[in-house]
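Inspection log for the structure reproduced underneath, given as C-alpha cells.
Protein chains: 8
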Amino acid sequence: MSKKSPPPIDGLLGFAQVDHDRARRCGFPEVILGRGKTPAQVAAIFAELATRADRVLATRCSAAAFEAVRTRVPTARWNELAGAISWRRRAAGRGEGLIALIAAGTADLPVAEEARVTATLMGARVETHYDVGVAGIHRLLRAVPRIRRARVAIVVAGMEGALPSVVAGLLDRPVVAVPTSVGYGASFGGLAALLTMVNSCAAGVSVVNIDNGFGAGYTAALVNRPARR
Amino acid sequence: MSKKSPPPIDGLLGFAQVDHDRARRCGFPEVILGRGKTPAQVAAIFAELATRADRVLATRCSAAAFEAVRTRVPTARWNELAGAISWRRRAAGRGEGLIALIAAGTADLPVAEEARVTATLMGARVETHYDVGVAGIHRLLRAVPRIRRARVAIVVAGMEGALPSVVAGLLDRPVVAVPTSVGYGASFGGLAALLTMVNSCAAGVSVVNIDNGFGAGYTAALVNRPARR
Amino acid sequence: MSKKSPPPIDGLLGFAQVDHDRARRCGFPEVILGRGKTPAQVAAIFAELATRADRVLATRCSAAAFEAVRTRVPTARWNELAGAISWRRRAAGRGEGLIALIAAGTADLPVAEEARVTATLMGARVETHYDVGVAGIHRLLRAVPRIRRARVAIVVAGMEGALPSVVAGLLDRPVVAVPTSVGYGASFGGLAALLTMVNSCAAGVSVVNIDNGFGAGYTAALVNRPARR
Amino acid sequence: MSKKSPPPIDGLLGFAQVDHDRARRCGFPEVILGRGKTPAQVAAIFAELATRADRVLATRCSAAAFEAVRTRVPTARWNELAGAISWRRRAAGRGEGLIALIAAGTADLPVAEEARVTATLMGARVETHYDVGVAGIHRLLRAVPRIRRARVAIVVAGMEGALPSVVAGLLDRPVVAVPTSVGYGASFGGLAALLTMVNSCAAGVSVVNIDNGFGAGYTAALVNRPARR
Amino acid sequence: MSKKSPPPIDGLLGFAQVDHDRARRCGFPEVILGRGKTPAQVAAIFAELATRADRVLATRCSAAAFEAVRTRVPTARWNELAGAISWRRRAAGRGEGLIALIAAGTADLPVAEEARVTATLMGARVETHYDVGVAGIHRLLRAVPRIRRARVAIVVAGMEGALPSVVAGLLDRPVVAVPTSVGYGASFGGLAALLTMVNSCAAGVSVVNIDNGFGAGYTAALVNRPARR
Amino acid sequence: MSKKSPPPIDGLLGFAQVDHDRARRCGFPEVILGRGKTPAQVAAIFAELATRADRVLATRCSAAAFEAVRTRVPTARWNELAGAISWRRRAAGRGEGLIALIAAGTADLPVAEEARVTATLMGARVETHYDVGVAGIHRLLRAVPRIRRARVAIVVAGMEGALPSVVAGLLDRPVVAVPTSVGYGASFGGLAALLTMVNSCAAGVSVVNIDNGFGAGYTAALVNRPARR
Amino acid sequence: MSKKSPPPIDGLLGFAQVDHDRARRCGFPEVILGRGKTPAQVAAIFAELATRADRVLATRCSAAAFEAVRTRVPTARWNELAGAISWRRRAAGRGEGLIALIAAGTADLPVAEEARVTATLMGARVETHYDVGVAGIHRLLRAVPRIRRARVAIVVAGMEGALPSVVAGLLDRPVVAVPTSVGYGASFGGLAALLTMVNSCAAGVSVVNIDNGFGAGYTAALVNRPARR
Amino acid sequence: MSKKSPPPIDGLLGFAQVDHDRARRCGFPEVILGRGKTPAQVAAIFAELATRADRVLATRCSAAAFEAVRTRVPTARWNELAGAISWRRRAAGRGEGLIALIAAGTADLPVAEEARVTATLMGARVETHYDVGVAGIHRLLRAVPRIRRARVAIVVAGMEGALPSVVAGLLDRPVVAVPTSVGYGASFGGLAALLTMVNSCAAGVSVVNIDNGFGAGYTAALVNRPARR
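Chains as they are written, first to last, in the working numbering: chain L, 842 to 1070; chain D, 842 to 1070; chain S, 842 to 1070; chain C, 842 to 1070; chain F, 842 to 1070; chain E, 842 to 1070; chain A, 842 to 1070; chain Y, 842 to 1070.
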C-alpha cells in the first residue's frame, strides 16, 4: 500500500481495528465472528479484547480456534454445539431477569445455544425449552406456565418456522424469533422460516436473521435488562 | 379464420369446448371457472352441462353470473362467500364419510367455503371449524376430538400459514393444506404461507395452490371416497 | 350451510368471533384490522369490544369507518395519517416508560403513526423523531441524546431501510425495525428494506413485517412494560 | 449448562428426545432423519425405538449408518437407492389397499424409493411404474389401466415436473405429487417442478416438499388406509 | 428541448422513429405495439408504414385503435381475441409450409391468436389445435397425426405449462413454447409456466416470453420459411 | 398528537421538513418527489424552496401539480413526458461539459427525460440519442462518434436492458445505466433489465434503480462537473 | 422389491430403460446424460444404444467415462471441452444446411461445444463464431455476412446475456439463445442471462435452459432440417 | 473440429483471443479474469499482453498463478488480499486526481483491494478508509473531511450494505457502490446489499455487481480522469 494511504488495518493486530469504545456506547464489547478467521487471528483479537473488556465473546469458531484462544486466555470457555468461546473477568452470578429460550428441533440447537451463550454472558438468566416443535404441540403446552414467568422469549425454529406464532399467542411478553437454515428443498436455506415469522399473525413477534442466534440472544438480553432508574 | 383451420372453439357454445367425458374419466364433470367469463357465458356453459351431468359447479362467479344462471337453471344454488354456483339433479343426502374443514381466520372463509361447496357437491359430509388460528391455539385444541373423527382434514390459512403443521401433528389422517393470499407485506400474495405448508415438519401434509379452495375440496373428496370393492 | 355443520361465524356479530379472552392471555384485547371490512362491520365489532374491554383499537380504517364507529362509541378517537381508531374507557395518563419512535421520511409516517397509536394505547409514553433519514445523518445525530433516554426504539424506514442499523449502533437498547413499502423499482414493495434490516450489522435489531406499524408498536410496548415484581 | 435449566436433551440418548407417544397419536412412530447424524447416533436412536415400536424407519442414511444399525438391530433392512433403513417386528404381509408409485426418470428413483419404503412399512401395497416421463407419453398410457386400480397415486418428477398433471387427468383418485431436485439451470433445485405441480390444471393433485419421498409415502399411506368402522 | 440537442423523435410522426429499413434487414417490417399508445398514434404509425411496406401488423390494440386505423387504412383487418390489426397490400394466398398452433385452454386463446395473426401475415399456413390441455391428454393424442405434418409447432399454455413437453416428445420438429399469464396464486404471472417450459425434459423445445404470442408466431414463421436456394 | 411529543412535521408547511441545508452539503437543493403529494402540497414545497435556493426540481408530478406550482412560481417550466417541474432563478447558460443521454426505445423516454431535466438543471450540457436499441445496432453505431465526445453517458433501456453493455464497450468514459420497467411477462417490472446491467461484461457501467431517471441525471451531472481546483 | 411390483428398471442394463423407439418417433435416439452416472454405467448404456442406433451421444461426461466407453465402442469420439462422447456408424459427410454457432466469451465454450457436437451428429453443418461478446461489438459485425448465410443461429452467452438480441436484429433467421451460468454475484447462476434472453426486444429469439448446449444444438438441427417433400 | 469451421480459439495462445485493440478503444487493455484458468494459462495471457500494453491486470488469481506469472514477467506485483496481479511498464507516479475508497468491514477488504489495485493501475490516486461500517457511524464521520476532497468515492459493504447511502448524503461527488457477498442467511450472497444500494435514498449513488471490486475501481478511475481539453 502506498504512503499516501497508510494501511488502516495495521494497529496492534495488523488485520482488524478493535473497537474498544463499543462497550461504553452499546453496553457490550465488540463480538468476534470466528468464521473466515484463522485460529491464530481469533486468539489474537480475543486476547486483545480481554485486556480491556470484562467479557469477551467469539461466535462460529472451530475447536482449533478455541484451543488457540485457551493458550492465551486460559479461563475462556467453550460451547461446542454453538461453536462459541466466552470469557468473563469475574465469576458469573445467577443472572438477572429471565429469558425463556425455546427451540423446535434438535437440529436447531447450535443456533439456540449461540443465543444462550450470548444472553448469559450479557448477564441474563436463561431457561431452555428444547425439542418442543409444533408437530407435537402438547410438549409446548406443558411448558407454558414456566415460559410465562419470563421477561422475554427467544423462539428458534427451522423448516416451516411456525413455533413463534404459537408461543406469542400464549404470552404477554415479546418474542424474538430466529429462523434457522434447518430443512431442505423449498426451505431455501431458511427463507421459508424467515417469511413465516415475519408474517406471524400473533402480535409481539419480531425477527432476526436466519441462524442468527447471537442477534437473538443480544436483543433478548437488552429487553431483559431492567429500566434505568 | 381460414377454411384450412376451422375454428375449433365453436361447437355448441361458440366460445368453449364442453368436455362431457370428464365425469366418466375422473368421477366428476368439468368445473366452470367463472373468472374472466361474462354472466351470459357462465350461464350458457352451466346450462349446457346441466343437460347431461347430474351435478354442476361454477367457482369464482359474481352475483350477476348467479342471476344469469338462475334464469336458465332455476334450482341452482348460490354460496355468496365463495362466489360458487352449484346444482344437483337429485336432492342431496347426508353425505358420505367425513371431512374436517378448518380455517385460521375470517378472511380465509371465501377459500374455505369454496372447498366446502366442492366437497359437498362431490358427495362428502363436511364439518367446519372456522376461526381457529394458531395465535389462540386453545380454540383448535377444543375441536380436536371432533376433528379426529374425520377421514381427512382440509386446513386453510393465510399470513404465516402455520395451522396445517399443528393440525397434522394431532391426527392420524391426511391433511390437505390450502395457503391463502390473506396477508400483506412479506406474505407476497400467499407465497409465505405456501412455503410454510410445503416445509411442514409434520408428516401427512400435502399442499394445493394459493387460494385453491376448489382443489382442496376436490382432493379431500377423493380421499374421502370409499375404496372400490 | 347444512345443519350438520352449524355456521361457526354467527355468534353475536354474525361475521366474526370476538375473542374476549385475549386481553387476559396476552395483556391486550383483540385488535380490529379494518381493511376488507365495511364501516358497519368495523363499528359493530368495535362497539362489542368496548362493552367489555377498557381499550379498543382498529387499524387500517377509512374515515367512513371512523364515522360509523363514532355514532356508536362517541368518545372514540381518529388518527387520520394512520387510519386508526382508538378508544379508552379512562382518560390516558402520561404513559409509562419511554419509546423513541424514529421515521426516515415523510412517506413513512402512516406506518409510524400506526405504531404510535398502538403503543400509546398500550400505556407507553412515545416520543417521535420524524424525517431523520440516513441521507442527512446529522438530523439523526442531533436527536441521539434524547433517543438514548428511551427503553426501546422503533425505527421505520422504506427504500433501502438503512436507518435501524445506524440507530442500533448508537444505543444500548433494543431496536424494533419496521420496513415500509415506500419506494419503487427494486424496492419490490418493501422487500429490499426488509432484507436490509434482517441483515443489520448492528446487534440489537429485530424486524417486523413490511408496513406493520401495529406490530412494532405492540412489540415495543411489551418491551417497555416494567418487569413483574 | 446451569442448574437452573437442566439440559433437556439428555434422557436415554443424550442428544435427542425420543417421542414414544407419536405412534399412538399419529399411527406411526417417530421417523429418524439420518442426515446430519453420525452412524452411531442413528444406530442408538434406531435401537431405542425398536425396543417399544413395532416398526422403525430411518431415512437419508449412509451405508455406514446401516452397518451401525445392523450390529444392534440385526433384522433391519437396507434400501440403497433411498438410503433408508427399516425394521419391523413381525413379517410383512401382502399389504393392504394399493398405491401406484410413478416416477418420471431414473434420476428420480432415490426419492421414489424413499416413498416406497415408507408406504410399505406403513402397511400399504405399492406398485411401481418407473421411467414413464412425459417426453414419451405412450409409456404412461400403457400403464394407465393398472394405475387406475390404485386407491391413490404418488407421482415423482424433477426438471419441469409435468407428470402429475397428466396422471391426474386420467384418474378418479387423489395424486400426491413429489417434485425432485433433479435438473439444472432454471430448475433452481426443484423449485420449477414444485411450482409446476402446485399450479396443476388437473384437479386432485396435492404436493409435498422437494425430494420429500418420505412425506409422499406417508401421506399416500394415510389415504390408502381404510376408513374407521 | 434545447437547440443543442434537437429532438430526435420528431420526424414525420413526432413521437416515433419509423424504421423503414427493418423489412430489408429482417424480412418483416417493424411491428407496432399498441399498448400505451392512443388510437390516433396507432393509426398514424400504421398508415405511415402502409405507405411503404406491403404488410403491417399492430398488436395489443383496443377496438378503438382499430376504428382509428380503419379510417385511414380501410382494408385493415381486426382480430378481436388477439387485439391485433393487420393489413396486407395484396390478397393473401394459401400460405406456405405448415405451422401447428396448439393451445392448452380457452383462456390462452388471446395469446395463441396473436401468434396466428403474426405467422399468417408472414406468409405461413397455420393450423390450430385449441383446448387440448394435458388434463385430458386424449384430446392431444387424437390430433397428433395432423400435428406431425407441420414444419414447426407453437404450443401455448398457462398455469403449469406442461403441454410443450408432451408435444415435443411426439414430434421430430421444433416446438416454440409460449407460457401465458393464465393462472393464479403460485403461477406468479406466468413465471411457473415459463420455468416449466425452460426445464422441459423433451428435446427440441425453445421458449419465448410470457404472453409473447407475437414472438412465437414470428419465430415459427422464420423456421417455416424454406431455405434459401 | 400529545404535548409530550410535539409533531415534528409542522414547521412552515405542516406536512414536510424542508432541508434548506442540502444545497450546501451536496451541491444541489432537496428534490421534490411529486408522487403521493397533492398539487397544493407540491406547490407549497416548491414555492418554499424557491425562496432560498436558486434552482428547484420536482419529479413525477401531474399536470395539475404543475398548474398549482405555476400560480405561485410563474417562471416554473414543465416537461410533460417526464412529469417534471423545474425552475431556476437565472437564465440557463449553454451548460458545462457534455453528457450523452441514450435511450433504447420510445417507451423509455419518460425516464430519459427525467434524467435530462435533472442534469440540465444541475448545469450540464446534455445531448440526446433516442430510439437506438440493440435490435437495430446500426442506429447506435452511427451515433458513436458524437457520443465519444461526452464526459459521461447515461443509457436508458427496458425489456432486456442490453444497451449499456454495448455502449460501454465503445467508450472510454463511465456509463450510468438506468433500467426501466418497460416490458411485460418475465421483465418483472424492470428486474430483468436491472440484472442485465449489473452483470454487464463491459467495464465502466454502474447502475441506478429501475425508472430512476432522476438518479442517473444527478449522478452523471456530478461526474460531469469539473474537478475542484 | 416385492413380486407384486416387479422392478421395472431391470431389462438389459438393470438401472435404466433404453428407449429404442425414440429415434423413430423424434428422429434421433435417446441421449445419455452422463452426470450422476458411473463410467461403467455410461459405457453400458452407450454400448447398448450402439447396437441398434446409427448415432449415439452422451453429454456431461468425465474423461473416465470416455475411457470406459472406448473400451466397448472403440470408434467413439471425445470432445473434451464439452465433455461429450459421440459415435456414428457411418463416416460423417459434409453436413446439410448451415447453423451459425456464436459464443460471447471463452468461458461459454463448453456449452457452445456441446451444441456443436449435438447439431453435427444430427447431420448439420456448423460454423462457429467464438469470443464475439457485445463489449467489443465490432467482432460480431465483421462476422455478420457469414452468419447471414446460415439457416438458423445459436447464440451462447453468460453474464448479462445481451448477445442474442444484437444478433437477431441483424438476421432474418431464427435465433436459438442459450444462457450460461458464467458470471458471479447477481448473475444468480445464469438467471440474469436467461431473463435477458426471454425479454429480448428483437423478434425471432427463443430460449433454452441455462447451460443447455445440447438442447440448443438439437433445436437448431431440427430447424436446419429440410422440409419434408 | 472440421475444416469448414477452423477453431477460432487457437491464435497465439490456443485458448483465448487477446483483444489488443481494447486499450485504444476504452483506454485500458483487456483484463484477465483468473478464476477458472490454470496458472499456466494466466501466465501465458499475462505475458502476451505485456508485450504490447503498458499495463496488465489479472484479478481473482491464486498465489500459484502469481508464481507462474512472475517467472515470465518478473516485475509483476501481487496483492494477496485481492488475489490481483498487476504490472506496469513504467514506474508509477503519484497518481492523478483522488478516489476515496471506503469499506465497511474487514471481511470486505478483498473486494476493496481489488478496486484499489484497478484504480491505481489506471492512474488514479486512491486513499483508503477501511472498517468504517454504519454500526459505529462516528468512525465514518471523523473521515468525512478527507473524503470530501476526493473526485469520486467507492463504497464497499456487505450484509445490509447501508454505508453508501450515508456517505452519499455527506458528499457532492458521485459514489460508486459495491455490494459484497459478506453475510449469511438472508443476505442471499450479496443480494440484500445490492438491493439496498440500488434503492438508496441518497442521490448520486450508482451500483456495480456483487463483489465486483474491479468494476468499481474501473468506473471510479474513469470518473476521476480529467476532461479532455
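Backbone N, C-alpha and C define an ideal beta-carbon position, used for all residues, glycine too.
Interface flag, residue i vs chain L, CB-CB below 9 angstroms
| i | result |
| --- | --- |
| G977 of chain Y | yes |
C-beta neighbour in chain S for residue i, strict 9 angstroms
| i | result |
| --- | --- |
| L950 of chain Y | no |
| I1051 of chain L | yes |
Min CB distance residue i to chain A below 9 angstroms
| i | result |
| --- | --- |
| L1032 of chain Y | yes |
| C902 of chain F | no |
Any C-beta of chain C under 9 angstroms from that of residue i
| i | result |
| --- | --- |
| N1040 of chain F | yes |
| V1007 of chain D | no |
| R863 of chain A | yes |
Whether residue i touches residue j by CB criterion (9 angstroms)
| i | j | result |
| --- | --- | --- |
| A994 of chain S | T1037 of chain S | no |
| A948 of chain A | G877 of chain Y | yes |
| T1080 of chain S | L942 of chain S | Past the edges of chain S, shown from 842 to 1070, lies residue 1080 of chain S, and the structure says nothing about it. |
| D1052 of chain F | V1019 of chain F | yes |
| R866 of chain L | D895 of chain L | no |
| G1056 of chain Y | G1045 of chain E | yes |
| A1034 of chain L | A1027 of chain L | no |
Per-residue burial, residue i [other beta carbons within 10 Å of its own, 16 or more giving buried]
| i | result |
| --- | --- |
| T1021 of chain L | buried |
| E908 of chain F | exposed |
| A904 of chain Y | exposed |
| R893 of chain L | exposed |
| P1067 of chain S | exposed |
Sheet register partners of residue i (DSSP bridge)
| i | result |
| --- | --- |
| P944 of chain S | The sequence shown places Ala at residue 944 of chain S, not Pro. Paired residue(s): S:V997. |
| S1047 of chain C | C:V1017 |
| H970 of chain D | D:I943 |
| K927 of chain E | For the record, residue 927 of chain E in the displayed sequence is Ser; it is not Lys. For S927 of chain E, which the question treats as bridged, DSSP gives the partners E:L898 and E:R918. |
| A965 of chain Y | Y:E937 |
Test: residue i CB closer than 9 angstroms to a CB of chain Y
| i | result |
| --- | --- |
| G877 of chain L | yes |
Interface flag, residue i vs chain F, CB-CB below 9 angstroms
| i | result |
| --- | --- |
| S1022 of chain C | no |
| F1055 of chain E | no |
Within-9 angstroms CB hit, residue i to chain E
| i | result |
| --- | --- |
| L1035 of chain F | yes |
Problem - Minimum length 3: unbroken beta strand (DSSP E) runs contained in the region 986-1022 of chain L - result: 993-998 and 1016-1020
Practice task
Counting only runs of 3+ residues fully inside the region 848-921 of chain E, write out the beta strand (DSSP E) ranges in chain order.
Solution key: 896-900 and 918-920
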